[in-house]
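Colleague: Just passing along the structure, written as structure tokens.
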Amino acid sequence: MEKVKYYNSIAKVPDLERVDDELIKIEEQYKFRTNSYYNSLIDWSNPNDPLLNIIVPRKEEDMEWGELDASNETMYQPVKGLEHKYSPTALLLCNDVCGAYCRFCFRKRLFQNENDEVERDVSAGVKYIEEHPEISNVLLTGGDPLMMSNRRVREILSDLKQIDSVKIVRFGTKMLAFNPMRVDEEFLAIVKDFNEEKQVFVMVHYNHINELTKESIQAITALKEAGATILNQTPIIKGVNDDPEMIRELHDQLTYVGVVPYYVFACRPTKGNYTYAVPVEQAHDIYTEAIRRSSGIGKNARFIMSHHSGKCEVVGKTDTTIIFKKHNIVHHENNGGIMMAERNPSAYWLDDYTFTPQ
Ligand code: SF4
0 MEKVKYYNSI
10 AKVPDLERVD
20 DELIKIEEQY
30 KFRTNSYYNS
40 LIDWSNPNDP
50 LLNIIVPRKE
60 EDMEWGELDA
70 SNETMYQPVK
80 GLEHKYSPTA
90 LLLCNDVCGA
100 YCRFCFRKRL
110 FQNENDEVER
120 DVSAGVKYIE
130 EHPEISNVLL
140 TGGDPLMMSN
150 RRVREILSDL
160 KQIDSVKIVR
170 FGTKMLAFNP
180 MRVDEEFLAI
190 VKDFNEEKQV
200 FVMVHYNHIN
210 ELTKESIQAI
220 TALKEAGATI
230 LNQTPIIKGV
240 NDDPEMIREL
250 HDQLTYVGVV
260 PYYVFACRPT
270 KGNYTYAVPV
280 EQAHDIYTEA
290 IRRSSGIGKN
300 ARFIMSHHSG
310 KCEVVGKTDT
320 TIIFKKHNIV
330 HHENNGGIMM
340 AERNPSAYWL
350 DDYTFTPQ
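Everything in the sequence shown is counted per numbering that gives the first Met the number 0, starting at 0 for the first residue and increasing by one.
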């Protein structure tokens with residue numbers, strides 16, 4: 000396969016014809032990026048192609064809605080480039096580039112020029128992790144950590160390997176969908192080496208079955224052979240996968256190649272993302288129907304809202320009530336607690352509900 004070529008401007012994408020001033024204005028607001036491999040998976044003659052809907056801007060992105068940092072992530076950043084929200088887990092925001100940019104990204108603020116939350120020099124973050132032995136899991140994220148060079152990945156993993164309390168490193172990545180050829184021999188050797196003493200989890204991000212190509216499956220297989228555990232997480236996105244049969248098929252096909260469905264997310268109310276969001280109860284119906292049809296392993300995925308107070312699972316609905324479970328929240332002593340609210344079909348987020356006293 001030819002070397003993958005990156006495009007950072009919609010005007011330069013060879014197959015994209017419908018570029019006009021309005022779209023250029025959107026691109027100036029929320030960065031655009033794609034690459035030649037991902038472009039080759041798109042049917043450019045179909046304006047409703049699901050992968051096209053993942054990367055090509057919509058004019059509706061300029062609708063007033065939500066916040067840039069909808070889950071208030073900056074509140075949990077004790078040092079630059081590190082987020083510590085849940086006691087056992089720290090996030091290293093170590094890169095601010097991705098293989099392409101998902102239009103519905105909840106971290107789109109990181110790609111804006113004025114943002115400085117990402118820290119390429121992770122030494123302060125590593126020191127913080129060293130000083131907090133309750134941290135057993137470190138998630139490399141951003142942006143996409145697989146957009147870093149193998150040299151940087153090796154340096155970070157070698158620092159983390161020396162911290163006794165760190166048992167697991169996770170890569171939060173969409174590169175297996177955006178450019179699976181990134182998973183090269185050198186990267187696999189780094190994973191294998193870390194796995195000799197600790198565990199590598201790769202948190203992949205497939206939104207649609209069309210992303211699960213031959214090349215992508217080869218990368219999954221190679222990572223598994225190197226000892227990594229692979230879990231998938233996807234939001235439900237309008238025009239991409241807001242269909243129970245698509246989520247069911249995605250989950251089933253992932254399990255057939257050894258990837259465990261982990262989380263299905265409600266879209267956070269992030270600025271620019273209204274056009275991609277599906278109301279909570281509608282998304283829960285899609286998830287429930289998909290789960291009903293899935294195998295037992297496919298049923299593993301939970302439907303989650305990543306609220307600033309922590310992760311809440313939507314566990315069910317009656318005619319009048321919606322039930323949430325505190326799945327992983329900041330005050331972890333409350334995990335497992337149930338919250339009930341009046342049904343609200345127009346709700347997009349936890350804050351849109353009126354809760355009934357327990
Ligand atoms: S790959 Fe992840 S971080 Fe990058 S644009 Fe997509 S959702 Fe955002």
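Positions of the beta carbon are idealized from the N, C-alpha and C atoms, including for glycine.
#1: Measuring CA to CA, which of 228, 286 and 229 is closest to residue 248?
#2: Please go through the same chain and pick out, in chain order, the residues whose beta-carbon is closer than 7 Å to the beta-carbon of residue 193, but skip the five residues on each side of it.
#3: Which two residues bound the contiguous alpha helix (DSSP H) that contains residue 279?
#4: Report all residues from its chain with a CB closer than 6 Å to the CB of residue 225; omit the five preceding and five following residues, and keep chain order.
#5: Buried or exposed for residue 41, please, with buried defined as at least 16 other CB atoms from any protein chain shown within 10 angstroms of its CB.
#6: When DSSP builds the beta bridges, which residues end up paired with residue 306?
#7: Look at the Cβ atom of residue 298, then the Cβ atom of residue 314, and state whether they are nearer than 8 Å.
#8: List the DSSP bridge partners of residue 340.
#9: Between residue 235 and the rest of its own chain, which residues show a CB-CB distance below 8 Å, the 5 nearest in sequence each way excluded?
#10: Of all the beta strand (DSSP E) runs that stay within the bounds of the region 225-284, which reach a length of 3 or more residues?
#11: For residue 12 versus residue 47, is the C-beta spacing smaller than 8 Å?
#12: Determine, using beta carbons only, whether residue 251 and residue 293 come nearer to each other than 8 Å.
#13: So, is residue 82 buried or exposed, given that buried needs 16 or more other C-beta atoms within 10 angstroms?
#14: Given a cut-off of 8 Å on the beta-carbon distance, is the pair residue 3 and residue 34 in contact?
#15: Is it right to say residue 122 is buried, meaning 16 or more other beta carbons lie within 10 angstroms of its own, or is it exposed?
#16: Kindly examine ligand 2 and report whether one of its heavy atoms sits closer than 7 Å to the Cβ of residue 266.
#17: State the beta-bridge partners of residue 171 as determined by DSSP.
#18: Grab the span of the alpha helix (DSSP H) containing residue 85 for me, first residue to last.
#19: Since residue 280 and residue 344 should fall inside the 8 Å C-beta cutoff, what is the C-beta to C-beta distance between them, to a whole number of angstroms?
#20: Tell me the start and end of each unbroken beta strand (DSSP E) in the region 90-141 that is at least 3 residues and wholly inside, in chain order.
#21: Based on DSSP bridge pairs, tell me the residues matched to residue 78.
#22: How many Å lie between residue 317 and residue 5 at the Cα?
#23: Check this for me: beta carbons of residue 197 and residue 166, under 8 Å apart or not?
#24: Compute every distance between the C-beta of residue 204 and the non-hydrogen atoms of ligand 1, then say whether any falls below 7 Å.
#25: Across which residues does DSSP place residue 160 in a beta bridge pair?
#26: Would residue 320 and residue 339 be called neighbours here (beta carbons separated by less than 8 Å)?
#27: Using 8 Å as the threshold, is the C-beta distance between residue 70 and residue 306 below it?
#28: Do you know offhand how far residue 101's Cα is from residue 53's?
#29: Over what stretch of residues does the alpha helix (DSSP H) that includes residue 186 continue unbroken?
#30: On the DSSP letters alone, give me the boundaries of the alpha helix (DSSP H) that residue 15 sits inside.
#31: For residue 361, collect the residues of the same chain with a Cβ closer than 6 Å to its Cβ; drop the 5 residues on either side in sequence, then sort them by chain order.
#32: Leaving out five residues on either side along the sequence, give the residues of the same chain with a beta carbon under 6 Å from the beta carbon of residue 310.
#33: Does the distance between the C-beta of residue 142 and the nearest non-hydrogen atom of ligand 1 fall short of 7 Å?
#34: Excluding sequence positions up to five away, which residues of its chain have a Cβ less than 7 Å from the Cβ of residue 221?
Modeller: Considering the structure as presented:
#1: Measuring from the Cα of residue 248, the nearest candidate turns out to be 286.
#2: Once the five neighbours on either side are set aside, the close Cβ partners of residue 193 are 156, 160, 168 and 199.
#3: Following the DSSP letters along the chain, one finds residue 279 inside the alpha helix (DSSP H) bounded by residues 279-292.
#4: In chain order, 187, 190 and 191 place their CB closer than 6 Å to the CB of residue 225, counting only its own chain and leaving out the 5 sequence neighbours on each side.
#5: Buried, because 16 or more other Cβ atoms sit within 10 Å of the Cβ of residue 41.
#6: Under DSSP, residue 306 takes part in a beta bridge, and its partners are 309.
#7: No, the Cβ-Cβ distance between residue 298 and residue 314 is not below 8 Å.
#8: Bridge partners of residue 340: 321 and 354.
#9: Contacts found: 241, 246, 263, 264, 265, 266, 277, 282, 285 and 286.
#10: Listed in chain order, the complete beta strand (DSSP E) runs (minimum 3 residues) inside the region 225-284 are 228-234 and 259-264.
#11: No, these two residues do not count as a Cβ contact at 8 Å.
#12: Yes, they are a contact pair.
#13: It is buried - the Cβ of residue 82 has at least 16 other Cβ atoms within 10 Å.
#14: Yes.
#15: Flag for residue 122 reads exposed.
#16: Ligand 2 is not part of this structure, which contains only ligand 1.
#17: Paired residue(s): 202.
#18: Not the alpha helix (DSSP H): residue 85 falls in the beta strand (DSSP E), residues 81-85.
#19: The pair is a contact, with the Cβ atoms about 5 Å apart (cut-off 8 Å).
#20: List check, beta strand (DSSP E) in window: 136-141.
#21: In DSSP, residue 78 forms a bridge with 81.
#22: Cα to Cα, the separation comes out at about 48 Å.
#23: Residue 197 places its beta carbon less than 8 Å from that of residue 166.
#24: It does: the Cβ of residue 204 is within 7 Å (strictly closer) of some heavy atom of ligand 1.
#25: Paired residues: none, contrary to the question.
#26: Yes, the Cβ-Cβ distance between residue 320 and residue 339 is below 8 Å.
#27: In contact: residue 70 and residue 306 (Cβ atoms closer than 8 Å).
#28: As the crow flies, the alpha-carbon of residue 101 is around 5 Å from that of residue 53.
#29: Annotation for residue 186: the continuous alpha helix (DSSP H) segment containing it runs 184-194.
#30: For residue 15, no alpha helix (DSSP H) run applies, since DSSP gives it neither H nor E.
#31: Beyond the ends of the chain as shown, which are 0 and 357, falls residue 361; an answer cannot be given.
#32: Cβ within range, chain order: 303, 326 and 327.
#33: Within the cutoff, so yes.
#34: Excluding residues within five positions, the ones whose Cβ falls inside 7 Å are 182 and 187.
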